[in-house]
Every structure is written in structure tokens, then in C-alpha cells.
Amino acid sequence: MLISWPDRFRQLIAVSVLLLTVFRGGSAQSRGRQTRVIRGDTIVAHLPNVGRWGPPRVATPLPQSAQQLAQEFGNVTGLAALPNGGVLAFDAGGQSGPSLLEFDSAGRFVKTIGREGAGPGEYTHRAGDIAVAGNGQIFLRDGVHGRINHYDRDGRLLGTITSSAILPIFKGMSPQEDGSVFVLSPGLGTGEDAPTMSHFSPSGALIEVRSPPVQPYSTVIYGGPFLPFSAWTILQNGRTVSVRSDRAGILLSPAHGSHTFRLTEIESQAERFFPAERAEMQAQIDWYVKYDPRDMPIRTVVPSVKQFIISLAVDVNNRIWVRRTGVSIKSAEGIPLPKPNEPPLVTYKEPWIFDGFTAEGDFLGEVRFPSNIVRVSIANDIAWAIVTNVNDEQSLVRFRLPAGQ
12 MLISWPDRFR QLIAVSVLLL TVFRGGSAQS RGRQTRVIRG DTIVAHLPNV GRWGPPRVAT
72 PLPQSAQQLA QEFGNVTGLA ALPNGGVLAF DAGGQSGPSL LEFDSAGRFV KTIGREGAGP
132 GEYTHRAGDI AVAGNGQIFL RDGVHGRINH YDRDGRLLGT ITSSAILPIF KGMSPQEDGS
192 VFVLSPGLGT GEDAPTMSHF SPSGALIEVR SPPVQPYSTV IYGGPFLPFS AWTILQNGRT
252 VSVRSDRAGI LLSPAHGSHT FRLTEIESQA ERFFPAERAE MQAQIDWYVK YDPRDMPIRT
312 VVPSVKQFII SLAVDVNNRI WVRRTGVSIK SAEGIPLPKP NEPPLVTYKE PWIFDGFTAE
372 GDFLGEVRFP SNIVRVSIAN DIAWAIVTNV NDEQSLVRFR LPAGQ
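Under the numbering used here, the first residue of the sequence shown is numbered 12, with each subsequent residue one higher.
Okay, here's the thing in C-alpha cells:
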């Protein structure tokens, strides 16, 4: 799939602000290439780029059923793996309108949950943000209506959370073990312009507004796609996990009853853009600045070195998945002929590489997926993905994670 710049740019800024602390010196313990350092209130573990799983591994695609191959999607904007092995896909461009679709563990269609509309349990085409709790309960964010639909594991509506904090431009939810949910939202009177996490009870009552106490980077939403950024979310046990784009690793807030942070740093080196890739990206940026400044109001110079981190997610097993950058892949489609009134295309793609961590911050290892993926969600030892073909047609594919994951 050839990528337009606004799509790539939105991938880079669809994250929120990180929680980081300033570390002070302390004592250290070493074992081989691993180093464990205690700095003030933080345990810092510096590890080689090999986790419990051993060397980096590749996820294995499983055969598609006839129904999977026949399933037609318009535009899948949300994907969430289920604890029972199935998956939810939100198709914003479905033939019968936007639909929240459930598939079983073999990829067979099960049912449609809810429908398009403004009534209870209904949604609009912009409701692509899905989150699933460990017990299988489903949360669907509909920012147009300023609400979240809360369904049970069978798709029956349990209730609706309504709040001015639930906006279309924000995506990110973190279900908790008690049925409550954290929702990425604007500052909500905190005096900050950075996004926060609003915590709602199962009945929809606002419990708290959680924000990162330290913001190492500018909180301005638009500052350029290559500036360092931060991302954070909440685990199902209530702990905060955060990442920084200029380093490989995660930071965990203290567990309940503790005052100690956990920082896990992975030994890694940032990848570089290919010269031809930089030239294509720069040409696309310049086109938008000149002809469509709504998507690119400020001219940005493409750097030579990539950042480490692209995104952060937590699965139903409470594992942490950090998507990071890698060596770019040249599209097999080649460079298309230029079209009038359209921006030049970038013919390089970012590989899909994930680093996995436990909820305690231990490094599990690296797993890679094919480059034609547009969305992926993981649960247990299965990953579900939306992949595209040369015609940008979408299909649903299962992957088996390597043994031990």
C-alpha cells in the first residue's frame, strides 16, 4: 500500500503525552550484558535486544477460510482481538453502513453488534476506537455523540458513558479489571493542554482524571511529525505505562502499595531513512505545504535518522506491545505515474515490528509481521491483522505468534 503523507503523519501524532521522571544516581547490579540500577525511586533495567523468547521471531500467517476470503471490507478503522480467540473489526465503510463486526477464532463471521444511528448502542462511521477487557467486555468510542457504548462479551448493551471528554479527535481506551475504563481526553480543567486519561465507572460516573506529572516534550498538538513525542496508557491493574520516541523501552508507574517506578531500557540503535525515501517524503511534505496546508501547515525537513517508537498498546492479557521503527521496505508496486492535483507518493513502508513486555516490565522479545498490514491486535498466542493487496483491498488474517509468546 502506498502511503499518503497525512496518513503517515496522523500515525505519528496519534499518541499522547508520556510520564517520565528525572533519575538520580544509585547502586547497580550487573549480570552479563544486563544491568540493574537503582536510581532514587526508580529501578532501571538495561537489557540487550534479546528477551525471554530469544532471537527476534516472525509471526506465522494461518490459512484463511473461504468465508475470510469472501468477506468484503470497506474501511476497517478499528480492530480488537478477543480473549476467546475471536476478533472485532469496525468497518466504517461497510456496504450497509458502519458496522461493528464479530468473527470467531477461525475467522468466520458471527454477528454485527449495534448499528448505525443515534440511539442506545448505536454509533457513527467515526466510532472506530475499540477496547476489550480481560473478561471480554467491549467498549466502543463514538466521539461524534460524545459517548462510549459498553457491551457485554455477547454484544448486549450494558450501558453508555457520556462525557464532554469523549471527542472524535482522541483515540485510546484502557478497560480495567473492575469494569471501569480510562479514556484518552483533553485536559478537563487540569490547566494542561496535554491529553489526560479520564477514569469512568461502569455506570458512567467520572472517578478521576489522570495526567502525566512530567511532560518532557512540547504539548502542542502540531509541532511537526519528526519532533520527539511521548505516549502513555493504563494497564488493567491501574499502573501507567509510557514510552518516549527517542529511546527504546518502557516506564511503569509504581504498583499498588509501592513507591518504586520501573524503567526497562532495550539496547538498540535508531534506523536511518534511505536517501531516496527522504527525498520522496520531502517532496510530499512540500506539496502539502504549498497546496493543502490544512494537513501540513509548516514545512518540516525530513531528518536522516528515525525515532525509535511509533505506538504503544496493551492487550487483553495485560501485555505491553511497543511498535518501533525498522529498516524501511521499498514497495513492490514501484513508483506510480504522477497524477494531476495529487501529492507525490512515498513508495517506502515502515515494517511492523513489536517489542513485547510483561505487565511487570520484563522484556519478552521482538516479533515481526509482514509489511502489508494496516492494523493488528494481539490476544493470547494469536494476532489478528487487516492486510491489503495491490489494489488496497482489505482482508482479515490470523497470525500465530511463535512458541513462548
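Cβ atoms here follow ideal geometry from the backbone N, Cα and C, with glycine treated the same way.
Buried versus exposed call for residue i [16 or more other C-beta atoms within 10 Å across all chains shown]
i, result
"Y134", "buried"
"V312", "exposed"
"G130", "exposed"
"S256", "buried"
"G372", "buried"
"H156", "buried"
"N383", "buried"
"G36", "Note that G36 scores 32 on pLDDT, short of 50, meaning its location in the model is unreliable; the coordinates nonetheless yield the value given after this. So G36 counts as exposed."
"Q81", "Checking the sequence shown, residue 81 turns out to be Ala, not Gln. A81 is exposed by the Cβ-count criterion."
"G7", "Lying outside 12 to 416, the shown extent of the chain, residue 7 is not represented and no answer is given."
"I277", "buried"
"S315", "exposed"
"G388", "With the sequence shown as reference, residue 388 is identified as Ser, and Gly is not the correct amino acid for it. Burial call: buried."
"T71", "exposed"
"N146", "exposed"
"A343", "exposed"
"S214", "exposed"
"H270", "exposed"
"P304", "exposed"
"V398", "buried"
"P351", "exposed"
"V194", "buried"
"P236", "buried"
"Y302", "exposed"
"V28", "Residue confidence is low: V28 scores 32 on pLDDT, short of 50, so the model does not pin down where it sits. No coordinate-derived value is stated."
"K4", "For the chain, the structure presents residues 12 to 416; residue 4 sits outside this window and is missing."
"F410", "buried"
"S222", "buried"
"Q45", "exposed"
Terminal residues of the alpha helix (DSSP H) in which residue i lies
i, result
"Q78", "A77 to A81"
Minimum Cβ-Cβ distance from residue i to chain B less than 8 Å
i, result
"D163", "Protein chains in the displayed structure number just one, and chain B is not present."
8 Å contact criterion, which residue i and residue j should meet: CB distance rounded
i, j, result
"F284", "S209", "About 37 Å; that fails the 8 Å criterion."
"G104", "G85", "3 Å"
"T171", "N160", "6 Å"
"I177", "S196", "7 Å"
"N391", "N328", "7 Å"
"V325", "S175", "Wrong, their Cβ atoms sit about 25 Å apart, outside the cutoff."
"D163", "Q148", "6 Å"
"G139", "G132", "Actually they do not touch by this definition, with Cβ atoms about 16 Å apart."
"I393", "R379", "Between R379 and I393 the Cβ distance is about 16 Å, and since that is not below 8 Å, they are no contact."
The beta strand (DSSP E) enclosing residue i, as first and last residue numbers
i, result
"M208", "T207 to F211"
"G97", "No beta strand (DSSP E) contains G97, which DSSP labels as neither H nor E."
"E152", "The question names Glu, but residue 152 is Arg in the sequence shown. First-last of the beta strand (DSSP E) with R152: I149 to D153."
"W332", "I331 to R335"
"A390", "I384 to A390"
"E377", "F374 to F380"
"R273", "F272 to I277"
"V48", "Q45 to R50"
"A259", "Neither: A259 is in no beta strand (DSSP E) and is coded neither H nor E."
"N352", "Element bounds for N352: n/a, residue is neither H nor E."
"A142", "D140 to V143"
"F120", "F120 to I124"
"T135", "Per DSSP, T135 belongs to no beta strand (DSSP E) and is neither H nor E."
"R164", "Here R164 belongs to no beta strand (DSSP E), and DSSP marks it neither H nor E."
Reduced DSSP secondary structure (H/G/I, E/B, other) of residue i
i, result
"P286", "helix"
"K182", "coil"
"W298", "helix"
"E219", "strand"
"R411", "strand"
"Q106", "coil"
"Q318", "coil"
"Q187", "coil"
"E291", "helix"
"W243", "strand"
"Q405", "strand"
"S196", "strand"
"L323", "strand"
"T399", "strand"
"T88", "strand"
"V311", "The residue you asked about is not Val; residue 311 is Thr in the sequence shown. Correct three-state label for T311: coil."
"F365", "strand"
"R35", "Unreliable positioning characterises R35 in this predicted model, as indicated by a pLDDT of 28, which lies under 50. A coordinate reading is not provided."
"I177", "coil"
"H267", "coil"
"S214", "coil"
The ligand NAD heavy atom lying under 7 Å from the CB of residue i
i, result
"N86", "By its list of ligands, the structure shown contains no ligand whatsoever, and the ligand NAD lies outside what it can speak to."
Are the stretch 53-64 and the stretch 349-365 touching by the rule of at least three beta carbon pairs closer than 8 Å?
-> no
Does the stretch 241-257 touch the stretch 299-313, meaning 3 or more C-beta pairs lie closer than 8 Å?
-> The stretch 299-313 vs the stretch 241-257: no contact.
Below 8 Å, can you find three or more Cβ-Cβ pairs linking the stretch 58-76 to the stretch 86-105?
-> For the pair of segments examined, the stretch 58-76 was found not to touch the stretch 86-105: the number of CB pairs separated by less than 8 Å stays below three.
Using 8 Å as the threshold, is the stretch 65-76 in touch with the stretch 107-125, meaning 3 or more CB pairs across them?
-> yes
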